[in-house]
Ligand SMILES: [Zn+2]
Ligand SMILES: [Zn+2]
Ligand SMILES: [Zn+2]
Ligand SMILES: [Zn+2]
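Residue numbers (UniProt numbering), protein chains in the order written: chain A, 1 to 368; chain B, 1 to 368.
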């Protein structure tokens, strides 16, 4: 299965013509999962090769405007698109984000009188008090929804921190497990780890035929790792007829942060195939970055090293850092400097600088 | 005083790379007034020759997302800009819109924990039940704000329809009077008339010197239209030394609509120098336009004729109508057809098709 990350917006704080506000798509064969949805995301989607109608899940790292102000408009436009394929039952779009997202969407859709043509569900995870300075914590009274569901809204879950694992389990399906973990920022922020499940080895049917094993209960036993004794007395071992399994890929996408809350994060991001980390300001601006709850390239690389990530993508750049294609020789804010700053620290394969519309493939892993 | 309209977004329903969502600036010398603020408006402002920091007033025609989803983000970005000129007392930004806008802004800014560096005030006007089908009216319980003001918010007015004039007086200052009037749409929608005040004629000082009139009470009398008898017995008539006054200009900007509520609108828009009217679909799609609460070019021209408007600007086009610069020969949705449809009906000077970044000057009127 092919898998790619497509960066739709790589700018911090606000959208500009050079870097749109935060948005990133993890595309697998049929599906698009959107991570963050800053203002302008729907227009960036139109400019990209992706199909907006393929978005089935949306994950929001935190409630700063540059990460969610595009969401009501995106849902309205998805609805206009899906009206053309009316008739069949629409699957709900699942939206995951910090407590307060449900109210933001409900109020925005209600006051704009937006009637969606598909159902949506907001699952909220509840931050803890150590994720931001006190003034960044919103009173839970203000994040709670009063009143009934929006007409197209279905009841979502409220997810609390797992006190043992120190994370939030958002979704588990046949292919993926997605968890959220806590970050430190001006307001509570989160990262996501998308773990593809290991694909168990298939039976080598040709070899089974050769050996004279007939389809039936023996097949099941062999697939489960057991050995089978044939009528002719020959023992067939599982390892001889079952192909090796393919390990799942791991993609980790962090929201804005200037640090972690606990070392559970390293465990969750351990050996990430791709780790997307913010680097709002360059290393010379570290004090300012920390003051505003942000990271620099070497901070990102340090974290990537601590979890032995294989590939590091820097993202969420202050608008002062123009894309390299627009860089002038005398520009004192040089995005390529940021790449060097991270690369001089990072011990993994490669540091990639995110730009709007950049696609980063996540190749299938070698059989283990 | 120079005056121009700059179209930042001319598309209906949602923003696209060709036509951004609704936004339009009326620029006078120092000030920018923004009419509607669809998603992406702040990025369009950056692409234009206008300075976002010059926006002092914002008017929202109605609460559909394509007219207001860009507002929270715009305010946040204005705040980032104004931080660089900190120190001096910031004037509040006045925002005018239908009931519900205050809640939308308050919830959006509160949940995103946005701390603006300037004060803002939302003045709401209250629609009447005949402005939309029943399902388009929002229960006033849902538009009311509970709780206190946002930290940077100042108490705004709630403005009810003037039962005699059939309009809402939003603002009256030394230069302008701005009124809102009701339109019929899927949800309550409004238009705005911006009436520049007549500039009284100045004294012709050279001629006064020639005639031997000295500065003092005589100047005042002459300016007030009275005659003055000089010491030498000569009578000086006001009309001889006072220049003729300059009539004020009138700009009318209508929100989405498929019709009017009463004929007060014609009176308010009477002899508009520039009238901006929506034309979402072309004349061949009139039934569909009406069904969705929208207008066609000849409907816009009919209304412009009914108030003897001098110039008609068509705006708010379905995204199927590409800008003329991108038009292909075989495109069945031809924006130039829409211009012809309006021009064949319109009795005023000119029909203009709005495009993103088009500027339309409003010339000073001849002295009356
Ligand atoms: Zn951010
Ligand atoms: Zn943030
Ligand atoms: Zn509209
Ligand atoms: Zn509308």
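Glycine included, C-beta positions come from ideal geometry on N, C-alpha and C.
Check, Outcome
"Of the residues 207(A), 321(A), 70(A) and 303(A), the one placed nearest residue 253(A), counting alpha carbons only", "303(A)"
"N- and C-terminal bounds of the beta strand (DSSP E) containing residue 37(B)", "32-37"
"Whole-Å CB distance - residue 78(B) paired with residue 99(B), under 8 angstroms assumed", "With 8 angstroms as the limit, residue 78(B) and residue 99(B) do not qualify as a contact, their Cβ atoms being about 24 angstroms apart."
"Buried or exposed (CB count within 10 angstroms, at least 16 for buried), residue 160(A)", "exposed"
"Under the three-state DSSP convention, the category residue 52(A) falls into", "helix"
"Residue 113(B) at chain A interface by Cβ criterion, 8 angstroms", "yes"
"Minimum C-alpha distance to residue 183(A) - residue among 259(A), 154(A) and 211(A)", "259(A)"
"Residue of 119(A), 1(A) and 190(A) minimising C-alpha distance to residue 422(A)", "Residue 422(A) is absent from the model: chain A starts at 1 and stops at 368."
"Residues sharing a beta bridge with residue 120(A), DSSP", "93(A) and 153(A)"
"Residue from 367(A), 319(A), 354(A) and 307(A) whose Cα sits closest to the Cα of residue 348(A)", "307(A)"
"Ligand 2 heavy atom lying under 7 angstroms from the CB of residue 277(A)", "no"
"Spatial neighbours of residue 288(B) in its chain, beta-carbon cut-off 7 angstroms, leaving aside the 5 residues before and after", "281"
"From 4(B), 3(B), 19(B) and 2(B), residue whose alpha carbon lies closest to that of residue 10(B)", "19(B)"
"Sheet register partners of residue 271(A) (DSSP bridge)", "DSSP, once it has assigned bridges, lists no residue as partnering residue 271(A)."
"Reduced DSSP category for residue 63(A) - H, G, I as helix; E, B as strand; rest coil", "coil"
"Member of 69(B), 313(B) and 21(B) whose CA lies at the smallest distance from the CA of residue 301(B)", "313(B)"
"Outcome for residue 172(A) when other beta-carbon atoms lying within 10 angstroms are tallied against a minimum of 16", "exposed"
"Any non-hydrogen atom of ligand 1 within 7 angstroms of residue 218(A) CB", "no"
"Among 17(A), 1(A), 24(A) and 363(A), the one whose alpha carbon lies nearest that of residue 192(A)", "24(A)"
"Beta-carbon proximity check, residue 179(A) vs residue 145(A), cutoff 8 angstroms", "no"
"Contact under 8 angstroms by Cβ, residue 239(B) with residue 228(B)", "no"
"Buried/exposed call for residue 256(B), threshold 16 Cβ in 10 Å", "buried"
"Contact the segment 110-130 of chain B vs the segment 61-76 of chain A: 3+ CB pairs below 8 angstroms", "yes"
"Inter-residue Cα distance where the pair is residue 211(B) and residue 232(B)", "10 angstroms"
"Lining residues of ligand 1 - beta-carbon closer than 7 angstroms to any non-hydrogen atom, in sequence order", "12(A), 13(A), 22(A), 64(A), 66(A), 67(A), 256(A) and 316(A)"
"DSSP bridge partner residues for residue 180(A) (one or two, in chain order)", "168(A) and 192(A)"
"Residue span of the beta strand (DSSP E) that contains residue 7(B), given as start and end", "4-9"
"Residues, ordered as in the chain, of the segment 143-154 of chain B that lie near chain A by beta-carbon distance below 9 angstroms", "143, 146 and 147"
"Residue(s) in a DSSP beta bridge with residue 359(B)", "6(B)"
"Cβ neighbours of residue 317(B) in the same chain (closer than 7 angstroms, five flanking residues each side left out)", "10, 11, 12, 19, 279, 280 and 335"
"From 71(B), 176(B) and 131(B), residue whose alpha carbon lies closest to that of residue 107(B)", "71(B)"
"Interface residues of chain A facing residue 42(B) [CB-CB closer than 8 angstroms]", "14, 15 and 39"
"Pick from 215(B), 284(B) and 201(B) that is closest to residue 243(B), judged by C-alpha positions", "201(B)"
"Given 8 angstroms, three or more beta-carbon pairs between the segment 29-41 of chain B and the segment 348-359 of chain B", "no"
"Beta strand (DSSP E) runs contained entirely in the segment 327-357 of chain A, provided each spans 3 or more residues", "350-353"
"Beta carbon proximity, residue 46(B) to chain C, threshold 8 angstroms", "The structure shown contains no chain C; its protein chains are A and B."
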